[in-house]
Amino acid sequence: SRAEHGFGWLDDDGNLDPSRPVFLWVTGRMTHCFALGALMGVAGCLELTRHGVAALAGGALRDAEHPGWFSAVELDGTPVPGPKVSYDHSFVVLAASSALAAGIGEAADLLADAFAVVEGHWWDPTFQMVTDQADRDFSATDPYRGANANMHMVEAFLAAAAATGDDAWLDRALAITTRMGALLQEFHGRLPEHFDAQWNPLPDFNRETPADAFRPYGSTVGHWLEWSRLMLHIRAELAERGREVPRFLDVLPPQMYRQSLAEGWAPDGHEGFVYTVDFDGTPVVRQRMHWVLTEAIGAAASLHALTGEEQYAADIARFRDYAARHLIERPGAWHPELGPDNTPAAGTWAGKPDIYHALQSEIVDQLPSAPPFAWALRTTHST
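Counting in the working numbering, the sequence shown runs from 17 upward without gaps.
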C-alpha cells in the first residue's frame, strides 16, 4: 500500500487503487500497523514505518500553511478539498506513538506536533471531549459532535500516555469514556453516536442514510465492542498506576459485550454481527463488517484476560472460525464487508483500505490490557 505521499487504498486484488486519494486515516493506521510489524520482527516493516512517519511529519498530508493535516491528498500530492477532521488526526497521534515504540526517534517531533494540534484545536476543555470537524485554518468548528472521533482519540490518548509517561493523556481518555459510560446507561446500552455542540444526543441523525461508513443512523454494534475493550484498557492502566478504578469500568464492559451478542449476533438467523440497530435493538443495517468481528475478538480477549472465564476464550475461537470461513479471502486479505447472507458485498466499503482492525485482532489475546499494543509488544519482545 506504499504510495509517494503515505499509504494508499488497495483494491479487491490488493493492488494500489489509482482512483482513490491517499487518506490521512489510512496512512496513520498503516504506519501504526507497520510499527507493530517491526516490533514483531517482520522484515521490511521498520522501513515502511519510517516512510509513514516521514509522510506525516513533512509530506503532502501535512498542511504547511495552517495547523494540522489534510484528510486526503491526490496521488500527486494535491490536497483534496474538505474540512479538517479530528477522527483522522487521532491516527497521527497513534502512528507517532507506535513508531516511537518501534524505536523511530524522529516520531517524537511528529508526536509533539500532533499533541499541539489536538490540544490547541480539537480538545474542548468545557466538555472534556474532542470536536469533530473544522475549517482548514480552524477559524470555524462544525457544530456536529461524534462518538466515533472521541472513541479513537481515547485509543490515541492511551498510546500517547504510554509514549510520554504523561498521565494527562490517560486523564483525558478517562474523561471521554466517563461521558460515554453515562450515555450507555441512559440509552440502555445502545450508545448514541451523534450529538450537537452541547453534547445533546441526535438519535434521528442520518436516518435517511443509515449505512454511512462513518456516521450511520442508530447505534453501532461494533462500537459497543470497541468501547468494551477500550474501557478495559483504561481500567488496566489505572490499576497499574495504583489509581482508583471507577465502578463503571467493571460493570459496563461485560454488559456491552453480552448485549452485542444478544442483539447484534445472528438476529436474522445468519452468523455474524449486524452493523447497526435502532434504539429498541432492532437491526437496521444487516451487513456484516469485518471490523465488528475483529472488535468482538478484542473485547472477548480483554474480558478473558481480566476474568479468566472460559466462555470468552470459547467465543474467541468461534469468532475466528467465522472469520476463517467467511471473512478471510486468503492469508493477509479480509473481505471488509459481507451481506446478511455472509457473501462478499460492497455497499459501504469497497477494496481493502487497511489492516488495522484485522491485525490487532490477531495479537490482542497474546498481550496484556496495558500498555497499549505497540508498547506491550516492545515490552514482551525485549524480555
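The beta-carbon is built from N, C-alpha and C at its ideal position, and this holds for glycine as well.
Ranking Tyr328, Gly181, Arg302, Phe389 by CA distance to the CA of Gly238 puts Arg302 first. For Arg346, the enclosing beta strand (DSSP E) has its first and last residue at 344-346. Only residues of its own chain outside the window of five on either side were considered, and among them His105, Val109 have a CB closer than 7 Å to the CB of Val134, listed in chain order.
Within its own chain, the residues whose Cβ lies closer than 6 Å to the Cβ of Ala178, once the five positions on either side in sequence are excluded, are Pro387, Pro388, Trp391, listed in chain order.
If you look at Ser385, you'll find it isn't in any alpha helix (DSSP H); DSSP assigns it neither H nor E.
For the stretch 178-208, the continuous alpha helix (DSSP H) assignments of 4+ residues that do not extend past its boundaries occur at 183-202, in sequence order. Contact between Ala317 and Asp381 is confirmed by a C-beta separation of about 4 Å, below the 8 Å threshold. Remark: C-beta atoms of Ala118 and Leu174 do not approach each other more closely than 8 Å. Take Trp307, set aside five residues on each side of it, and the residues of its chain with a beta-carbon closer than 7 Å to its own are Gly238, His373, in chain order. Annotated three-state conformation of Asp125 is helix, per DSSP. Contact between Leu26 and Gly348 is ruled out by a C-beta separation of about 11 Å, above the 8 Å threshold. Rounded to whole angstroms, Arg346 and Asn31 show a C-alpha spacing of 14 Å. Per the C-alpha coordinates, the member of Thr65, Arg245, Gly57, Val58 positioned closest to His48 is Thr65. In terms of CA proximity to Pro99, Leu40 leads the group Leu40, Asp33, Ala112. Assignment of Leu174 by DSSP, reduced to helix, strand and coil, places it in the helix class. With the rule of 3 Cβ pairs closer than 8 Å, the stretch 263-275 does not count as touching the stretch 335-346. When Cβ pairs closer than 8 Å are counted between the two stretches, the stretch 121-140 is seen not to touch the stretch 86-93, the count staying below three. Note that the C-beta distance between Ser235 and Phe295 is below 8 Å.
As far as DSSP is concerned, Glu256 takes part in no beta bridge.
Under DSSP, Val89 takes part in a beta bridge, and its partners are Val38, Pro95. C-alpha of Ala80 to C-alpha of Val69: approximately 16 Å in a straight line.
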